[in-house]
Amino acid sequence: MGIASSMNRFYHHNVVFNSDWKSFDQTIPTQVISTSFHILKECFPVDSFSERDEQIWDLIRLYFCTCPIIAPNGDRYSRRRKGIPSGSFFTSLVGSISNILLLTYLTLLQGVNSDLMVLGDDGVIGTGYPVKISRLKLDAKKSFSMTLEISKPIYDKEFTFLKHNWYGARAQRPLAETAQRLKYPERYKDDLNRSDLIASLYGDNFKLWSYFPNNVKRNLLRWRGDDLSGLIPWDKRALKRATGYTITL
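Be aware that the sequence shown starts at 1, since it is given in the UniProt record's numbering, and climbs by one per residue.
What follows is the structure in structure tokens.
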């Protein structure tokens, strides 16, 4: 609900557009990362840092900016001078703050104040005045050697953020994309019987799903057993007309 209520404010902007970066984590300049750490430090009370704390904070910042990277094949790459490493407690925070700094700077170059919502490299920008998308991309490349991938300005107030389509505070994900994520989940699921069932229904037989009544869909999503007899009211003739072929589970 917190994100939804925050997204509602973009409904009042004249222009809204989405932003994304190509190879964001690998290309953020060290200067931007260091500035993000300085901003993070401002979240702590001024008198809470001792001299030793200052030294530790500077060491964390320096290591974050220059730590070596281990490739999947085991190779070690040192002398890194840009990008943010994964696996750090600061990765998400620094990435989001860096994105805000970059987008704010780029829009201010055109004399436009922007309202931003970001998470990592994803962002949505609301402005009261039009901005030149081509110049945003050019300035990003010229100033930071980064590639900005940005949508055309949106005037109907419906935009995409965090893989969802937003209209005010309402979010919706396309059904086809939901089906793909169900068949190819990012995380392992212990219930293989249920996963295989849903994958078969959503994947190769995606068209079939829309022909199930809502009560059948709910039962399928909640199913934990092995025996499917009686669960799905099959109509082979209707199924063949709908999909062009019969399906065997």
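We put the beta carbon where it would ideally sit given N, CA and C, even for glycine.
Of all alpha-carbon atoms in 126, 118, 97, the one lying nearest the alpha-carbon of residue 107 is that of 126.
Shortest Cα-Cα distance from residue 65 to any of 48, 73, 88 involves 88.
Counting only the Cα atoms, residue 24 lies some 12 Å from residue 123. Taking the Cβ atoms as the reference, residue 14 lies roughly 5 Å from residue 128, within the contact range of under 8 Å. In this structure residue 140 is buried. Its beta-carbon is surrounded by 16 or more other beta-carbon atoms within 10 angstroms. The beta carbon of residue 148 is closer than 7 Å to those of 19, 21, 136, 137, 140 in its chain, skipping five residues each way along the sequence.
Under the DSSP definition of a beta bridge, residue 149 partners with 20.
The secondary-structure analysis by DSSP pairs residue 77 across a beta bridge with 69.
If you draw a straight line from the Cα of residue 91 to the Cα of residue 111, it is about 30 Å long. If you look at residue 95, you'll find it in the alpha helix (DSSP H) that goes 91–108.
Out of 36, 9, 81, the CA that lies nearest to the CA of residue 96 is found in 36.
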